[in-house]
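Chemist:
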Ligand SMILES: [Zn+2]
């Protein structure tokens, strides 16, 4: 068919309207900074997400590195050693989880045997190299940040330059930082969900300013996305103000999150598309890669 010049011009006009109507998506690599490989995902014998299944999900979403932690730590050890991990080209950054079982969630901060377990695990390391952090841990009551074992672990983390992945509220961020030898100036604290209770953006901003190494991981963060899964204006402004301080993660805390892994990563790609390319790349990959010395 012969296309006349006016028809071609019209076609171009239509195509450019379509391009404008379809917002950009982030297309680059992802660093999943909040990944659990818990017992129920795969206990070594059964379970719906053996390493081949977990790694297939990462690979098809272009997740090239992960902060791996698990209850118990055997899951992380498995991922760190798996042939499938190497074949998928996924870099494992292992963290020591403080939980052997469900009871530990509400007791770890005062249980000496947790401190001993962490020491033993750190000494053991993983097939993907030494542990690089502690966590994820939870504090359901901020005051437990001052529990004797919580205090010792924070000192240990700062001294050994281990990052800490903490699911806590904004009050506990101040308490944990106060317990670090540097008073929070040298502790690499990753704030899981950047506050799952949704402290105001202004409060998050103030904490980022006070603690230079505080990083915000953004899974489940209330108020982050608005209509159509796009970035809410106040969050876009905050991220642009602190482009080096945010990261994304899957938080596969239950098997349902493994089932929804593709959807979670698509969601990130959607709102990352609302940011300038260089900022999107840092949130998706660069900030975590820098933190752990990956290329
Ligand atoms: Zn988690």
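Residue numbers (our numbering): 209 to 503.
From the three backbone atoms N, C-alpha and C, an ideal C-beta is built for every residue, glycine too.
#1: For residue 279, count the other beta carbons within 10 Å of its own beta carbon; 16 or more makes it buried, fewer makes it exposed. Which is it?
#2: Is residue 400 near ligand 1 - that is, is its Cβ less than 8 Å away from at least one heavy atom of it?
#3: Hey, residue 447 and residue 491: beta-carbon distance below 9 Å or not?
#4: Sorry if obvious, but does the Cβ on residue 461 come closer than 8 Å to a heavy atom of ligand 1?
#5: Give a yes or no on whether the C-beta atoms belonging to residue 264 and residue 243 are separated by under 9 Å.
#6: Along the chain, where does the beta strand (DSSP E) containing residue 299 start, and where does it finish?
#7: For residue 384 and residue 374, which I take to be in contact (beta-carbon distance under 8 Å), what is that distance rounded to the nearest angstrom?
#8: Among 386, 341, 315 and 335, which one has its Cα closest to the Cα of residue 327?
#9: Per the DSSP calculation, residue 240 is bridged to which residue(s)?
#10: Output the residue ranges of the beta strand (DSSP E) runs that lie fully inside the stretch 387 to 436 and measure 3 residues or longer, sorted by chain position.
#11: Considering residue 373, what are the terminal residues of the beta strand (DSSP E) in which it resides?
#12: Sorted by chain position, which residues of the same chain lie with C-beta nearer than 6 Å to residue 498's C-beta, five sequence neighbours on each side aside?
#13: Pull the bridge partners of residue 266 from the DSSP assignment, please.
#14: Quick check: what's the CA-CA separation for residue 468 versus residue 407?
#15: Please go through the same chain and pick out, in chain order, the residues whose beta-carbon is closer than 8 Å to the beta-carbon of residue 344, but skip the five residues on each side of it.
#16: Please report how far the alpha carbon of residue 338 lies from the alpha carbon of residue 368, in whole angstroms.
#17: With a Cβ-Cβ cutoff of 9 Å, do residue 284 and residue 334 count as a contact?
#18: Can we say the stretch 309 to 322 touches the stretch 284 to 296, given the rule of at least three CB pairs closer than 8 Å?
#19: Would you please state the rounded distance, in angstroms, between the beta carbons of residue 460 and residue 426? I believe it to be under 8 Å.
#20: For residue 380, count neighbouring Cβ atoms within 10 angstroms of its own Cβ and tell me buried if that reaches 16, exposed if not.
#21: When you compare the CB positions of residue 437 and residue 472, do they come within less than 9 Å of one another, or not?
#22: Would you report the Cα separation of residue 254 and residue 466, rounded to the nearest angstrom?
#23: Which class does residue 478 belong to by DSSP, given the choice of helix, strand or coil?
#24: Taking the alpha carbon of residue 362 as the reference point, which residue from 349, 323, 331 and 329 has its own alpha carbon closest?
Modeler: Considering the structure as presented:
#1: buried
#2: yes
#3: yes
#4: yes
#5: no
#6: 299 to 304
#7: 6 Å
#8: 341
#9: 274
#10: 397 to 399 and 423 to 425
#11: 371 to 375
#12: none
#13: DSSP output for residue 266 lists no bridge partner at all.
#14: 26 Å
#15: Correct list, in chain order: 242, 244, 277, 303, 305, 373, 374, 375 and 400.
#16: 11 Å
#17: yes
#18: no
#19: At roughly 15 Å, the Cβ-Cβ gap does not stay under 8 Å, so residue 460 and residue 426 are not in contact.
#20: buried
#21: no
#22: 15 Å
#23: helix
#24: 323
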